[in-house]
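**Student:** Quick one: the structure is below, and I'll ask about it shortly.
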Amino acid sequence: MSYELVFEVERGDFETAGGASRKIKKTLQQLGISSKIIRKVSIAGYEGEMNLAIHSWGGTILLQVEEKEIILTIQDSGPGIPDLHLAMTEGWSTAGVEAQRMGFGAGMGLPNMDRNADHFEIESKVGNGTKILMKFFL
1 MSYELVFEVE RGDFETAGGA SRKIKKTLQQ LGISSKIIRK VSIAGYEGEM
51 NLAIHSWGGT ILLQVEEKEI ILTIQDSGPG IPDLHLAMTE GWSTAGVEAQ
101 RMGFGAGMGL PNMDRNADHF EIESKVGNGT KILMKFFL
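Heads up, the sequence shown is in full-length UniProt numbering, so the first residue is 1 and it goes up one at a time.
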């Protein structure tokens, strides 16, 4: 089995934010993936999607379903994360006032992605953007 979908996420688009995560969940259900895996992928995907909308200049979510794993790749075009260690700390956030007013910015996005993925990698360069690779083993 090999399946691939790409979702575009725009900066500040809070009206449609969460839509990609819902489509990913529905796709995995249609493919017969276990509910335990779907839950983990859905949580990590939603956190990544919201990070794109809140913090980036826009980006993509790539869903790949392979025989033994599901891969989520989240990539944006900036602004990048100056201190990855600090960004991985629960409760630390750079979310603006608008996002906080809507209930976002609790500083749990990256830690939740790391916690739910079986494999988590993040790389970021200030001015160039961030790439997150998550694997979920089937």
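Every residue gets a Cβ at the ideal spot worked out from N, C-alpha and C, and that includes glycine.
#1: Hey, how far is the Cα of ILE132 from the Cα of LEU63?
#2: For ASP118, collect the residues of the same chain with a Cβ closer than 6 Å to its Cβ; drop the 5 residues on either side in sequence, then sort them by chain order.
#3: When you compare only the Cα positions, how much space is there between ILE54 and SER2?
#4: Restricting to Cα atoms, I'd like to know which of SER93, SER77, ILE43 and GLU90 is closest to ARG11.
#5: Is the beta carbon of GLY127 closer than 8 Å to that of PRO82?
#6: Along the beta strand (DSSP E) that carries GLY129, what are the first and last residues, could you check?
#7: If GLU49 sits next to VAL9, beta carbons under 8 Å apart, how far is it from one beta carbon to the other, in whole angstroms?
#8: Distance, Cα to Cα, ILE122 vs THR89?
#9: Can you give me the C-alpha to C-alpha distance between LEU72 and THR60, rounded to a whole angstrom?
#10: Pick out whichever of GLY45, GLN30 and ARG39 has its Cα sitting closest to the Cα of residue 140.
#11: Rounded to whole angstroms, how far is the Cβ of ASN116 from the Cβ of ILE43, which I believe are closer than 8 Å?
#12: How many Å lie between GLY109 and ASN51 at the Cα?
**Tutor:** With the given structure in hand:
#1: Along the sequence shown, read from residue 1 onward, the residue named residue 132 stands at position 132. Along the sequence shown, read from residue 1 onward, the residue named residue 63 stands at position 63. Cα-Cα distance, rounded: 12 Å.
#2: One-based indexing of the sequence shown puts residue 118 at position 118. Once the five neighbours on either side are set aside, the close Cβ partners of ASP118 are LYS135, PHE136 and PHE137.
#3: The sequence position of residue 54 within the sequence shown is 54, counting from 1. The sequence position of residue 2 within the sequence shown is 2, counting from 1. Between ILE54 and SER2, the C-alpha separation is close to 31 Å.
#4: Looking up residue 11 in the sequence shown gives position 11. Of the listed residues, the one whose Cα sits closest to ARG11 is SER77.
#5: The residue labelled residue 82 in the question sits at position 82 within the sequence shown. The residue labelled residue 127 in the question sits at position 127 within the sequence shown. No, Cβ-Cβ distance for PRO82 and GLY127 is not below 8 Å.
#6: Translated into the one-based positions of the sequence shown, residue 129 becomes position 129. Unbroken beta strand (DSSP E) run through GLY129: 129-137.
#7: Sequence index remark: in the sequence shown, residue 49 carries index 49 (1-based). Sequence index remark: in the sequence shown, residue 9 carries index 9 (1-based). Going by Cβ atoms, the distance from GLU49 to VAL9 rounds to 6 Å, so yes, they are a contact pair.
#8: For the purposes of this step, residue 122 is identified with residue 122 of the sequence shown, where counting begins at 1. For the purposes of this step, residue 89 is identified with residue 89 of the sequence shown, where counting begins at 1. Their Cα atoms are separated by approximately 14 Å.
#9: Walking along the sequence shown from the start, residue 72 turns up at place 72. Walking along the sequence shown from the start, residue 60 turns up at place 60. Answer to the nearest angstrom: the Cα atoms are 10 Å apart.
#10: An answer regarding residue 140 cannot be provided, because it is not within the stretch 1 to 138 covered by the chain.
#11: Looking up residue 116 in the sequence shown gives position 116. Looking up residue 43 in the sequence shown gives position 43. Between ILE43 and ASN116 the Cβ distance is about 5 Å, and since that is below 8 Å, they are a contact.
#12: For the purposes of this step, residue 109 is taken as the residue at position 109 of the sequence shown. For the purposes of this step, residue 51 is taken as the residue at position 51 of the sequence shown. Approximately 7 Å, taken between the alpha carbons.
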